[in-house]
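Note that the protein sequences, when read in sequence, are chains A and B. One point on numbering: in my numbering, the residue at position 44 of the first sequence is 460, and numbering is uninterrupted. One point on numbering: in my numbering, the residue at position 5 of the second sequence is 421, and numbering is uninterrupted. Cβ coordinates follow ideal geometry from the N, Cα and C atoms, glycine included. For reference, the structure discussed in these notes is given below.
Number of protein chains: 2
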Amino acid sequence: MKISTKGRYALRLMLDLAINNSGEPVRIKDIARRQGISGKYLEQIISTLNKAGFVKSIRGPQGGYRLTKDPKEYTAGMILRLTEGSLAPVACMEGDENECLRECECATIILWEKLDEAIKSVVDTITLADLVEWQMAKVNDYNI
Amino acid sequence: MKISTKGRYALRLMLDLAINNSGEPVRIKDIARRQGISGKYLEQIISTLNKAGFVKSIRGPQGGYRLTKDPKEYTAGMILRLTEGSLAPVACMEGDENECLRECECATIILWEKLDEAIKSVVDTITLADLVEWQMAKVNDYNI
DNA sequence: TTATTTCATATTAACTTAGTAGGTTTTATG
DNA sequence: CATAAAACCTACTAAGTTAATATGAAATAA
Numbered sequence: 417m418k419i420s421t422k423g424r425y426a427l428r429l430m431l432d433l434a435i436n437n438s439g440e441p442v443r444i445k446d447i448a449r450r451q452g453i454s455g456k457y458l459e460q461i462i463s464t465l466n467k468a469g470f471v472k473s474i475r476g477p478q479g480g481y482r483l484t485k486d487p488k489e490y491t492a493g494m495i496l497r498l499t500e501g502s503l504a505p506v507a508c509m510e511g512d513e514n515e516c517l518r519e520c521e522c523a524t525i526i527l528w529e530k531l532d533e534a535i536k537s538v539v540d541t542i543t544l545a546d547l548v549e550w551q552m553a554k555v556n557d558y559n560i
Numbered sequence: 417m418k419i420s421t422k423g424r425y426a427l428r429l430m431l432d433l434a435i436n437n438s439g440e441p442v443r444i445k446d447i448a449r450r451q452g453i454s455g456k457y458l459e460q461i462i463s464t465l466n467k468a469g470f471v472k473s474i475r476g477p478q479g480g481y482r483l484t485k486d487p488k489e490y491t492a493g494m495i496l497r498l499t500e501g502s503l504a505p506v507a508c509m510e511g512d513e514n515e516c517l518r519e520c521e522c523a524t525i526i527l528w529e530k531l532d533e534a535i536k537s538v539v540d541t542i543t544l545a546d547l548v549e550w551q552m553a554k555v556n557d558y559n560i
């Protein structure tokens, strides 16, 4: 019941892009340095974000990445689901494929539904803009 | 971000024990048959529940297991944490051991805290008695 | 005494995680 | 035009986890 590094790094990567939006594209190398994450691994993660249109890449020297949308347009859920896959706590909740034959008889499904709703209520309401705001507040605290 | 079979089976096992409390101890073999789960695997899971004092075992013929407490005394969280380990969505939230060095600078921790609270608010308020109640309602629906 | 049950430990195949490795393509700049 | 800096692409891998199976020992009711 853990969010893996892929999801966690994707979130920090997007947050890094949102904060370092000075005009020039942001290089993987710099994100890797700032976040203390393997650059090669970040390449793979950002590739997913790129293909989904979450970021735009500029190739060649002085290249890098930029967000395609305003930070408030990305929810944490969008980023996590893209990189982690479904956030449903059990597979039988993920649609027709994994439907459980005991579904209509098994009461635990009600627990899983409530848990699923609780998770969604957090990840689908918090946006990248919220993370930026919290990050700014943290930096302020730190500098006082 | 999934609950594994251990946790899911433990919950169904405890629910089965709560429902089949006719006085005689309940055998693993019968739970396995009713739930469609490998008996040998259930043995391992119930061993954990036994050592934690959640169930009491009676050995020998006509032996089996019984709950030690009233169903409303067990929360889903107690059962899941015992079998799954911590339900925190990220390791850096699990106490001093896994503390993240970036904690005080990284805004994502706030998201994880909110997610953790949301998960707790479900699993720590739903009891085995609730599951029994829901199960009874399901059986009624089915028989109408 | 026997059969039935729990109890204990070891093993395993398949899968996932968290990267590393090595190279190709694009393109700004000198 | 040559070079270097960046993104891009695919394959590989060590370690860990999951979801069991396998084998047998210990306890005990009949």
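- Residues of chain A whose Cβ lies closer than 9 angstroms to the Cβ of GLU440 of chain B do not exist; the shortest such Cβ separation is about 23 angstroms.
- Chain-ordered, the chain B residues with CB closer than 8 angstroms to the CB of THR524 of chain A read ARG424, LEU427, ARG428, LEU431, LEU547.
- With contacts defined as CB atoms closer than 9 angstroms, ALA426 of chain B and LEU503 of chain B fail to qualify as a contacting pair.
- Going by DSSP, VAL471 of chain A is part of the beta strand (DSSP E) stretching over 471–474.
- DSSP assignment within the stretch 429–499 of chain A yields the following whole beta strand (DSSP E) runs of 3 residues or more, N-terminal first: 471–474, 480–483.
- In the displayed model, THR541 of chain B falls within coil according to three-state DSSP, outside both helix and strand.
- In this structure, the CA atom of THR524 of chain B is about 11 angstroms from the CA atom of CYS508 of chain B.
- Taking a cut-off of 8 angstroms on C-beta distances, the stretch 487–495 of chain B touches the stretch 542–550 of chain B, as three or more cross pairs fall below it.
- Within the model, the alpha-carbon separation for ILE474 of chain A versus ARG443 of chain A is close to 9 angstroms.
- Going by C-alpha positions, GLY469 of chain B is about 21 angstroms away from ASP446 of chain B.
- Distances from the CA of VAL471 of chain A to each of A:PRO477, A:TYR457, A:GLU489, A:GLY455 were compared; the closest alpha carbon is that of A:GLU489.
- It is roughly 51 angstroms from the alpha-carbon of PRO487 of chain A to the alpha-carbon of LYS456 of chain B.
- Secondary structure at MET417 of chain A: coil, using DSSP grouped into helix, strand and coil.
- ILE535 of chain B is a Cβ neighbour of ALA534 of chain A, given a cutoff of 9 angstroms.
- Interface with chain A (9 angstroms Cβ-Cβ cutoff): PRO487 of chain B is excluded.
- Between LEU433 of chain B and ARG482 of chain B, the beta carbon gap of about 7 angstroms places them in contact (Cβ cut-off 8 angstroms).
- Closest by C-alpha distance to GLU549 of chain A, out of B:THR421, B:LYS418, B:LEU517, B:GLU521, is B:GLU521.
- Here the alpha carbons of LYS485 of chain A and GLU510 of chain B stand approximately 34 angstroms from one another.
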